[in-house]
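K.L.:
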Amino acid sequence: MPVRIRLARGGAKKRPFYRIVVADSRRSRDGKFIDQVGTYNPMLPKDSPERVKIDVEKTKDWIAKGAQPSDRVTLFLSKLDVVEKPVITEKTKKHLPKKKAQERLAAAKEKEEEAKKAAEAPAEADDKKTE
400 MPVRIRLARG GAKKRPFYRI VVADSRRSRD GKFIDQVGTY NPMLPKDSPE
450 RVKIDVEKTK DWIAKGAQPS DRVTLFLSKL DVVEKPVITE KTKKHLPKKK
500 AQERLAAAKE KEEEAKKAAE APAEADDKKT E
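Just so you know, we're using the working numbering here: the sequence shown kicks off at 400 and counts up by one.
1) On the DSSP bridge list, what partners appear for residue 438?
2) Provide the residue(s) that pair with residue 402 in DSSP beta bridges, ordered along the chain.
3) When you compare the CB positions of residue 441 and residue 415, do they come within less than 7 Å of one another, or not?
4) Just tell me which of 514, 495, 406 has its CA closest to the CA of residue 426.
5) What is the rounded straight-line gap between the Cα of residue 465 and the Cα of residue 421?
6) Buried or exposed: residue 403, going by 16 or more other Cβ atoms within 10 Å of its Cβ?
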């Protein structure tokens with residue numbers, strides 16, 4: 400049976416609260432679980448000790464039995480030095496504009512800057528005339 404350590408959502412609408420549970424990976428996210436090993440409250444400040452609570456001994460036992468933590472739970476456990484911190488790969492650059500589009504954007508910015516300078520220059524000249 401593939402067992403995962405993952406988050407099960409609770410709480411009201413727009414007020415999330417998660418239980419860190421050990422569950423069969425084929426079950427639904429908020430469905431039946433085997434054991435609860437902690438809680439996670441994302442509404443609390445990041446430096447709050449109440450934000451993530453994990454029973455480290457239970458978690459180590461489940462990992463020794465073969466349970467695989469989810470990506471988010473792995474980050475929590477790495478902060479408690481239970482597992483190694485995962486390697487985060489570099490993001491792709493596909494969402495950025497292509498070369499020609501970047502050149503057009505740069506040209507448009509230059510024109511805007513020139514227009515601003517031109518607008519400021521007559522204003523300064525008018526100030527000198529009134530003095």
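Ideal Cβ positions, reconstructed from N, Cα and C, are used throughout, including at glycine.
P.N.:
Here's the rundown:
1) Residue 438 sits at position 39 when you count from the first residue of the sequence shown. DSSP, once it has assigned bridges, lists 418, 452 as partnering residue 438.
2) Numbered from 1 along the sequence shown, position 3 holds the residue referred to as residue 402. Paired residues: 423.
3) Residue numbering aside, residue 441 sits at position 42 when the sequence shown is read from its first letter. Residue numbering aside, residue 415 sits at position 16 when the sequence shown is read from its first letter. Going by C-beta atoms, residue 441 is nearer than 7 Å to residue 415.
4) One-based indexing of the sequence shown puts residue 426 at position 27. When each option's Cα is compared against that of residue 426, the closest is 406.
5) For the purposes of this step, residue 465 is taken as residue 66 along the sequence shown, with counting starting at 1. For the purposes of this step, residue 421 is taken as residue 22 along the sequence shown, with counting starting at 1. Those two C-alpha atoms are separated by around 11 Å.
6) Here residue 403 refers to the residue found at position 4 of the sequence shown. Buried: at least 16 other Cβ atoms inside 10 Å.
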